[in-house]
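Student: This is the structure I have questions about; it appears just below.
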Amino acid sequence: MLCRNMGPVDRALRAIVGLILISLTVVGPKSLWGLVGLVPLLTAFVGMCPAYTLLGIKTCRTEDRTA
5 MLCRNMGPVD RALRAIVGLI LISLTVVGPK SLWGLVGLVP LLTAFVGMCP
55 AYTLLGIKTC RTEDRTA
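The C-terminal residue of the sequence shown carries number 71 in the working numbering, and the numbering is unbroken.
Quick look at the structure:
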C-alpha cells in the first residue's frame, strides 16, 4: 500500500508553495499555470511523494504504513 514518506515540515512547506501557486490564478498574472500548485498541495495532503519513492528519499522519522 501507500506509506508516508514526507515529514511534517516538508508537508507544511509543500502546502504553502501549493497555495501560493494556486493564488496566481486569481492574483498577479492570472494564468492557469498556477494550477500546477495542485501537485504540491495534493502531495502535502496525502503525505506521500511519488518522486521521493523513486529516489528512495524519506523525510519522516517513523515509517507510517497504512494497511
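The beta-carbon is built from N, C-alpha and C at its ideal position, and this holds for glycine as well.
Being a predicted model, the structure only gives us computed values, none of them experimental.
Compare the Cα-Cα distances from Ala48 to each of Arg18, Asn9 and Leu23 and report the closest residue.
Tutor: Counting from 1 along the sequence shown, the entry for residue 48 is found at position 44. Ranking Arg18, Asn9 and Leu23 by Cα distance to Ala48 puts Arg18 first.
Student: Buried or exposed for Gly32, please, with buried defined as at least 16 other CB atoms from any protein chain shown within 10 angstroms of its CB.
Tutor: Stepping through the sequence shown from its first residue, residue 32 is reached at position 28. Exposed, since its Cβ has fewer than 16 Cβ neighbours within 10 Å.
Student: Just confirm the distance between the C-beta atoms of Met10 and Thr57, as a whole number of angstroms; I'd bet it's less than 8 Å.
Tutor: Start at 1 with the first residue of the sequence shown, and residue 10 comes out as number 6. Start at 1 with the first residue of the sequence shown, and residue 57 comes out as number 53. Contact flag wrong, Cβ pair sits at about 11 Å.
Student: Cβ of Thr29 within 9 Å of Cβ of Gly22?
Tutor: Counting from 1 along the sequence shown, the entry for residue 29 is found at position 25. Counting from 1 along the sequence shown, the entry for residue 22 is found at position 18. Cβ distance not < 9 Å, so Thr29 and Gly22 don't count as in contact.
Student: What does Cys64 pair with, by DSSP beta-bridge criteria?
Tutor: Numbered from 1 along the sequence shown, position 60 holds the residue referred to as residue 64. According to DSSP, which records beta bridges pairwise, Cys64 is partnered with nothing at all.
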